[in-house]
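1 is the number of the first residue of the sequence shown in full-length UniProt numbering; add one for each residue after it.
Glycine residues also receive a C-beta, built at the ideal position from the N, C-alpha and C atoms.
Keep in mind that this is a model prediction, so the values were computed, not measured.
This report refers to the structure that appears directly beneath it.
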Amino acid sequence: MRLFLVDDHPVVRAGLVALLGGEPDMEVVGEAAGGDEALRGVASSSPDVVLMDLQLGDGVDGVEATRRIRELPTPPQVLVLTTYETDADIMRAVDAGATGYLLKACPPEELFQGIRAAAKGESVLSAKVAARMMRRMRDPGPALSAREVEILELLASGAGNREIARRLFITEATVKTHLVHIYGKLGVDTRTAAVTAAVERRLIRLP
Numbered sequence: 001m002r003l004f005l006v007d008d009h010p011v012v013r014a015g016l017v018a019l020l021g022g023e024p025d026m027e028v029v030g031e032a033a034g035g036d037e038a039l040r041g042v043a044s045s046s047p048d049v050v051l052m053d054l055q056l057g058d059g060v061d062g063v064e065a066t067r068r069i070r071e072l073p074t075p076p077q078v079l080v081l082t083t084y085e086t087d088a089d090i091m092r093a094v095d096a097g098a099t100g101y102l103l104k105a106c107p108p109e110e111l112f113q114g115i116r117a118a119a120k121g122e123s124v125l126s127a128k129v130a131a132r133m134m135r136r137m138r139d140p141g142p143a144l145s146a147r148e149v150e151i152l153e154l155l156a157s158g159a160g161n162r163e164i165a166r167r168l169f170i171t172e173a174t175v176k177t178h179l180v181h182i183y184g185k186l187g188v189d190t191r192t193a194a195v196t197a198a199v200e201r202r203l204i205r206l207p
């Protein structure tokens, strides 16, 4: 099967090339450090599976790259391989069309099995991620919308209401309305408490 690697760390990509090169049924046909580069490379190399990191520096991130890759006329499967495991990261990747989600700390054999399963279109989750999703199903906690998660992440980065409104192309009044809903769902009454609660519940991660 033909594989394409997307990771902004050259050492990680080199390690994956060496690791995957030992599997007789796997061939790395391309690699990219960023989302824009990945989109061009995937379109020209026609891989079966893309191994996608989530944080890719400036430009298109892993989630958006996944979404765009899955919108190609004959899209490959996308298997997320990352260090991030918040609920927001997992759900965004799955919503974008990723067929699986593995952590970089997984054993090589789990990675090999995950790639082979992803190539067949089967869902792949690391044990740790699967356990998180099961806990979320049993105890869903506050049901934050995607927009509320975006606002929380911007709050965590230190953005004020005006900056959040500018970044999300909404009005400051809309931002304030979202904050009221966020506070109610998290049971807090300040911006700092909202960010702290969201991080503790692994709804977002700090920048």
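ARG67 places its beta carbon 7 Å or farther from that of ALA88. In the DSSP annotation of this structure, PHE4 is not part of any alpha helix (DSSP H); the continuous beta strand (DSSP E) holding it starts and ends at 2 to 6. Given a length threshold of 4 residues, each whole run of the alpha helix (DSSP H) inside the region 70 to 122 is given here in chain order: 87 to 95 and 108 to 119.
DSSP places GLU37 within a helical segment (H, G or I) once states are collapsed to three. The beta carbon of ASP25 is closer than 7 Å to those of MET1 in its chain, skipping five residues each way along the sequence. Shown here for ALA165: same chain residues with a beta carbon closer than 8 Å to its own, the five before and five after excluded, namely THR171, GLU172, THR174 and VAL175 in chain order. For ALA159, the secondary structure class from DSSP, reduced to helix, strand or coil, is coil.
The beta carbons of GLY35 and GLY59 sit closer together than 7 Å. As the crow flies, the alpha-carbon of ALA32 is around 42 Å from that of GLY187. Cβ contact annotation for GLU163 (same chain, cutoff 8 Å, sequence separation greater than five): LEU154, in chain order. Within the model, the alpha-carbon separation for THR86 versus VAL124 is close to 17 Å. Between ARG92 and VAL63, the C-beta gap is smaller than 7 Å, which places the two residues in contact. Per DSSP, the beta-bridge partners of GLU31 are LEU5.
Looking from the CA of GLU200, the closest CA among ALA156, LEU179 and VAL180 belongs to ALA156.
In terms of CA proximity to ILE90, SER126 leads the group ALA43, SER126 and VAL42. Look at VAL11 here: in three-state DSSP terms it is helix. Nearest in C-alpha terms to GLY121, of all of VAL29, VAL11 and PRO75, is PRO75. If the five residues before and after VAL78 are omitted, its C-beta is found closer than 7 Å to the C-beta atoms of VAL50, MET52, THR66, ILE69, ARG70, GLY97, ALA98 and THR99, all from its own chain and listed in chain order. Exclusion of the five residues before and after CYS106 leaves SER126 as the residues of its chain whose Cβ lies within less than 7 Å of its Cβ. In this structure THR82 touches LEU54 by the C-beta definition: roughly 5 Å separates them, less than 8 Å. Cα atoms of LEU5 and PRO73: separation of roughly 20 Å, rounded to the nearest angstrom.
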